[in-house]
Amino acid sequence: KIPTTADIRRDFLEFFASRGHTIVPSASLVPGNDPTLLFTNSGMVPFKDVFLGAEKRSYVRAADVQRCLRAGGKHNDLDQVGYTARHHTFFEMLGNWSFGDYFKGDAIAWAWELLTGVWKIPAARLLVTVYHDDDEAYGIWRDVVGLPPERIIRIGDNKGAPYASDNFWQMADTGPCGPCTEIFYDHGAHIAGGPPGSPDEDGDRFIEIWNLVFMQFDRQPDGALLPLPAPCVDTGMGLERLAAVLQHVHGNYEIDLFQALIRKAGEFTNTTDLENKSLRVIADHIRACSFLIVDGVLPSNEGRGYVLRRIIRRALRHGWMLGVREPFFHKLVGTLDELMGAAYPELTRNRELVERALRAEEDRFAETLDSGMRIFDEIAARAVGSASSSAAPGDASAPHATIAGADAFRLYDTYGFPVDLTADIARERGLSVDMAGFDAAMAHQRETARAAGKFSSATGLPADLVARLQPTEFIGYEALTAGGLEVVA
Ligand code: ATP
Ligand code: MG
Ligand code: MG
Ligand code: MG
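Written out as structure tokens, the structure is:
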């Protein structure tokens, strides 16, 4: 029987519960313990203070399914969405944790047992990486698990290398850190991409499913690595990537949960081709936007609220590309609730709030989206024209057209196009945006506003309301019925 996403969540937690782990509920996407971090971007975030020794828990083994967002801040996968088979903005990370209890031997053996024993993933499809000098992890994979050496790849720091693998994890410049071992699934030679550590590792043939981090050092300000008295384990496995493997499909967007969302998105946008990239983007973005609102973030022009606004507007622009001219995005919240409400009751509880917040933002952007797209076309045509007229005669290479910073700023200022939205549209058409020019135009406008004494919060909201919105606590219905949502700039 092919497991559903819900089955996989449950199997994972049951497996670790039966090995002495306490099941911990998902924390918010807004980190409660770190004001410098925009979003919870991995399962580790809510446990940070436990690893630092600043917080004690009543357990030394835990397992969880943590909602994560990688859209803004240090981890940003927003630009990958719709382009790779494996990246979302919002995703769920399955994790098991040892706080000074078990270490590499158990962590690796259990990961292997769960993948190949419980879920019956063929061992021959799996390969792993270890940190280049982590002979202990290498030895466990080869001698205890019995993996052939050619499927155990040593990875270094790769500083300056043309590829991204880096099997050494650290929380910050100092403090807990240590080597990782990552487990990859080979989706088959018909898909482009090389094994981890090779120059074309970024393809989607070998997909990383599980990262096991072994915190065993405490890095000193002078760079020295002191052994931690009680090493810890931090693991993270992408639920959607695992579901793709267990459901015998390649991409995350082909799994049960995404197919259900995509079907509905197709219905609401009159799109029959369910492989359409825009439907995938919309399905990704409805999850990110809904859970952000559940966690107390509302669209605004600053901070977390602006990240939310950017994601919503990207989704709406994809709806527009599919020909939709009516609000549609908020209608997907009900479907999402049916799919994920059992795992996240907070979504069910806040469903109406989420719908209303999204609907308000749809109405707001509808006023400028259509004309903004027309302006974009004019700007793009001008950029292409000037690129080809400035190309040297006889130069066969395609002229590279760039949207001027001032034009991107106009789209932002008058039409409410966040610059990453403009850049995304430009990318689809093979153009780029002069980001430095955009920043300069933005700085200039701030200066002018300040000189004229008009400088206030960029939201243009009364300060008391801003004060209520900024801590991104859950706002509830009061703020909405008081008109809070309607006046958010
Ligand atoms: P990749 O190299 O594929 O971008 P990563 O190394 O950045 O992944 P980690 O930070 O190690 O990912 O996160 C742990 C796990 O979470 C990954 O092994 C993967 O299964 C999952 N994961 C990471 N980023 C995403 C994403 N954007 N969407 C879905 N799953 C993700
Ligand atoms: Mg990544
Ligand atoms: Mg990786
Ligand atoms: Mg990784």
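Numbering (full-length UniProt numbering), first residue to last: 5 to 493.
Even for Gly, the Cβ is constructed at its ideal location relative to N, Cα and C.
As the structure is a computational prediction, the values presented were derived from the model and not from experiment.
Assigned secondary structure, residue i (DSSP; H/G/I helix, E/B strand, else coil)
i	result
R329	coil
L98	strand
V249	helix
R223	strand
R321	helix
P39	coil
L151	coil
R472	Confidence at R472 is low in this model, with a pLDDT of 39, below 50, so the placement of that residue should be treated as unreliable; the coordinate-derived value is given next. Here R472 sits in helix by DSSP.
F103	coil
A234	strand
G56	The sequence shown places Leu at residue 56, rather than the Gly named in the question. Three-state result, L56: coil.
Y481	Any reading at Y481 must be qualified, since the residue scores a pLDDT of 32, below 50, and its modelled position is unreliable; the value itself is stated next. Y481 falls in the helix class under three-state DSSP.
A467	Note on A467: pLDDT 43, under 50, position unreliable in the model; no value is reported.
Residue range of the alpha helix (DSSP H) that includes residue i
i	result
R363	355-394
R431	423-432
R14	9-21
W145	From DSSP, W145 is part of no alpha helix (DSSP H); its letter is neither H nor E.
M344	336-344
G109	108-116
L265	260-272
H289	281-298
Identified DSSP bridge partners for residue i
i	result
T26	A66
Q174	C181
N215	E186, G240
T406	S436
residue 502	Residue 502 lies beyond the residue range present for the chain, which begins at 5 and ends at 493; the question has no answer from this structure.
C72	F95
L229	R223
Limits of the unbroken beta strand (DSSP E) element including residue i
i	result
L130	130-135
R450	That residue, R450, is in no beta strand (DSSP E); its alpha helix (DSSP H) goes 439-455.
R158	156-159
Check whether residue i and residue j have beta carbons under 8 Å apart
i	j	result
V298	V253	no
A248	V285	no
G376	L415	yes
V148	A141	no
I112	L17	no
R291	L373	no
A347	R13	yes
L250	I6	yes
T88	L243	no
E186	G197	no
F188	I213	yes
Does the stretch 298-306 come close enough to the stretch 270-286 that 3 or more CB-CB pairs lie under 8 Å? In short, these stretches do not touch, since the Cβ pair count stays below three.
Below 8 Å, how does it come out for the stretch 377-391 and the stretch 426-436: are there three or more Cβ pairs, yes or no? Result yes; three or more Cβ-Cβ pairs closer than 8 Å.
Any contact of the stretch 95-107 with the stretch 234-251, i.e. 3+ C-beta pairs under 8 Å? Short answer: they touch.
With contact counted as at least three CB pairs below 8 Å, one residue from each stretch, are the stretch 353-367 and the stretch 325-342 in contact? Taking 8 Å as the limit for Cβ pairs, the verdict is that the stretch 325-342 does touch the stretch 353-367.
Any chance the stretch 221-230 sits against the stretch 174-192, with 3 or more Cβ pairs inside 8 Å? In short, these stretches touch, since the Cβ pair count reaches three.
Contact between the stretch 26-36 and the stretch 60-77: three or more CB pairs below 8 Å? Counting Cβ pairs under 8 Å, three or more are found: they touch.
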